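Trainee: Everything in the sequence shown is counted per numbering that gives the first Met the number 0, starting at 0 for the first residue and increasing by one.
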Amino acid sequence: MNASHRCRQSGLSLIEVLISLVVIGIGLLGVAGLQTTAVQSNYLAYQYSMAARLAENLAEAMRSNRSGLLGNAYALELGSPPDAPPIDCSNASCTPEQLGLWQLADWYSMLATPEEGFETTQASLTDALPMAQASVTCADPCDDRSLRVITVLWNATRRDIEGTGCDPQDADDLQCVRLAVSP
Numbered sequence: 000m001n002a003s004h005r006c007r008q009s010g011l012s013l014i015e016v017l018i019s020l021v022v023i024g025i026g027l028l029g030v031a032g033l034q035t036t037a038v039q040s041n042y043l044a045y046q047y048s049m050a051a052r053l054a055e056n057l058a059e060a061m062r063s064n065r066s067g068l069l070g071n072a073y074a075l076e077l078g079s080p081p082d083a084p085p086i087d088c089s090n091a092s093c094t095p096e097q098l099g100l101w102q103l104a105d106w107y108s109m110l111a112t113p114e115e116g117f118e119t120t121q122a123s124l125t126d127a128l129p130m131a132q133a134s135v136t137c138a139d140p141c142d143d144r145s146l147r148v149i150t151v152l153w154n155a156t157r158r159d160i161e162g163t164g165c166d167p168q169d170a171d172d173l174q175c176v177r178l179a180v181s182p
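The structure is reproduced here in structure tokens:
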């Protein structure tokens with residue numbers, strides 16, 4: 000009697016073990032999914048941090064060169080790289096406007112890809128901010144008191160989108176950081 004009773008229980012134990020393995024497997028898949036989401040969110044936070052640091056870097060240059068700022072030397076249209084500066088201000092004396100043009104081109108070289116023809120003077124951030132673009136515009140018609148808005152845009156998630164704005168509600172738009180600078 001004991002022998003037949005043992006046979007029934009051994010089969011039941013195998014089913015319990017199998018169910019336990021399935022439950023553990025599903026739990027591990029859930030943990031892996033959470034880990035993937037955490038890594039993606041961490042990388043997006045890193046990208047925002049890099050974009051904010053870039054915008055702040057240009058803002059400091061603009062604040063230190065008020066004459067160049069008021070002369071619109073830092074103006075930059077979205078999708079249009081800045082013109083090559085007329086003089087290399089790292090080795091020569093420059094007017095405030097020339098310094099502004101040089102600082103803008105030097106700053107933009109951190110975003111540019113080699114295809115855009117920029118000689119990168121600092122470590123390029125094209126890996127950190129894929130397909131990055133930038134603009135510096137006035138919040139209203141430019142005058143001595145107008146805020147200048149630095150915008151850094153990049154494609155954080157998908158390579159197939161071609162958005163040009165940064166509306167968070169639009170899935171086809173880019174990620175962006177905006178920083179307003181007061182003259």
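Glycine residues also receive a C-beta, built at the ideal position from the N, C-alpha and C atoms. Keep in mind the model is a prediction, meaning the values are calculated, not measured.
(1) Under 6 Å Cβ to Cβ from Asp139, same chain only, skipping five residues before and after it: list those, please.
(2) Taking Trp106 and Leu57 to be in contact with their CB atoms under 8 Å, please state how far apart those CB atoms are, rounded to whole angstroms.
(3) What does the alpha-carbon distance come out to for the pair Leu38 and Tyr47?
(4) Which whole-angstrom value is the C-beta distance of Arg65 and Pro182, which I expect to be below 8 Å?
(5) Going by DSSP, what residues sit across from Leu75 in a beta bridge?
(6) When you compare each of Ala131, Gln102 and Ala127 to Ala60 by their alpha carbons, which one comes out closest?
(7) Does the beta-carbon of Pro81 have 16 or more other beta-carbons within 10 angstroms, so that it is buried, or is it exposed?
(8) On the three-state DSSP scale, how would you describe Leu13?
(9) Exposed or buried, which one is Thr150 when buried takes at least 16 other CB atoms within 10 Å?
Mentor: Checking against the coordinates, here is how it stands:
(1) The answer, listed in chain order, is Ser145.
(2) The C-beta distance from Trp106 to Leu57 rounds to 5 Å, short enough to fall under 8 Å.
(3) With the sequence shown as reference, residue 38 is identified as Val, and Leu is not the correct amino acid for it. Taking the Cα positions, Val38 is about 14 Å away from Tyr47.
(4) Rounded, the Cβ-Cβ distance is 6 Å, consistent with contact.
(5) According to DSSP, Leu75 bridges with Val135.
(6) Checking every option, the nearest Cα to that of Ala60 belongs to Gln102.
(7) Per the 10 Å Cβ criterion, buried.
(8) Helix at Leu13.
(9) By the neighbour-count rule (16 or more Cβ atoms within 10 Å), Thr150 is buried.
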